[in-house]
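Read through the structure below, which is laid out as structure tokens, and then see the notes.
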Amino acid sequence: MSKSIINILTLIFITQIGCDLLSVRNAEPPDKPRGTFQFAVTHEDLIVNLINSVKEKNSQNYIACLTDSAFTNISFSFLPSAGIGAVHPVLLNNWSRTEEEQYFNNLIIRTPIESQLNLILSESQSIFQADTVIYSAKYNFIVPNFSSNETNNFQGELKFKMIRDSRFGWTIFNWQDIKNSDSPTWSELKGQLTY
-19 MSKSIINILT LIFITQIGCD LLSVRNAEPP DKPRGTFQFA VTHEDLIVNL
31 INSVKEKNSQ NYIACLTDSA FTNISFSFLP SAGIGAVHPV LLNNWSRTEE
81 EQYFNNLIIR TPIESQLNLI LSESQSIFQA DTVIYSAKYN FIVPNFSSNE
131 TNNFQGELKF KMIRDSRFGW TIFNWQDIKN SDSPTWSELK GQLTY
């Protein structure tokens, strides 16, 4: 037999038993849902991203809402509600994106899979100052009680200072938490979950 006939027969044999080597396989779902994060063209987009990242328990999207010093010359900072620093002094110790990410990851870990996190903002107001937007709103942050089937409501007022980074997306560079009732504030939740 000539060498070319052997090559042709070998090729036919391989294609017949090749187990669909050249066929397209079915797509596999991603390991983790990507969520609904959209590039923040407006500061309103940024607020929607923050709310959705909390609801979806998506740490990557949550942190993407905060200023990254790789894309701007301003670092993220957090000012807790009045009086909470005495109970949770870690909140007064140069709180940064790193601590914010640690807190949020701890929140996700402690939240049962079937439970939801719900952030409700109301009475919002936006003030434009040069390249900065100051956004304020009352919040009600509903989280599961980690030791029972009940929920906890953290309430207060938040004030965000937002800028566009070098990618021209809006980010939060300063977050102030304000206590406006007898209810525990978001700062108290952060203090409880930072260790």
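For the sequence shown, our numbering begins at -19 and goes up steadily by one.
Even glycine gets a Cβ: it sits at the ideal position worked out from N, Cα and C.
Just so it is clear, the structure is predicted and the values come from calculations on it, not from any experiment.
Which residue marks the beginning of the alpha helix (DSSP H) containing residue i, and which one marks its end?
i    : result
L30  : H23 to K35
A117 : Taken as a continuous stretch (DSSP letters only), A117 belongs to no alpha helix (DSSP H), being part of the beta strand (DSSP E) at T112 to P124.
Q156 : Premise fails: Q156 lies in the beta strand (DSSP E), W150 to I158, not in any alpha helix (DSSP H).
A66  : I64 to V67
L169 : W166 to Q172
Assign residue i to one of three DSSP states: helix, strand, or coil.
i    : result
E79  : helix
F58  : strand
E94  : coil
F108 : strand
S163 : coil
F84  : helix
Spatial neighbours of residue i within its chain, please: CB distance less than 8 Å, with the 5 preceding and 5 following residues excluded, ordered by chain position.
i   : result
S61 : G136, D157, I158, K159, T165, W166, S167 and E168
T52 : I143, D145, S146, T151 and F153
Enumerate in chain order the residues of its own chain whose CB-to-CB distance from residue i is below 6 Å, with the five nearest sequence positions on each side excluded.
i   : result
F58 : W75 and W155
F17 : N29 and N41
G15 : E36, N38 and N41
S33 : N41 and Y42
Start and end of the beta strand (DSSP E) containing residue i?
i   : result
N41 : Here N41 belongs to no beta strand (DSSP E); instead the alpha helix (DSSP H) covers S39 to A44.
Spell out the partners DSSP gives residue i in its beta bridges.
i    : result
S102 : K118
Q135 : N120
R144 : W150
Among the residues of its own chain, which have a CB less than 7 Å from the CB of residue i, if the five just before and after it don't count?
i   : result
E79 : T174
P92 : P124
If residue i sits next to residue j, beta carbons under 8 Å apart, how far is it from one beta carbon to the other, in whole angstroms?
i    : j    : result
Y115 : F140 : 4 Å
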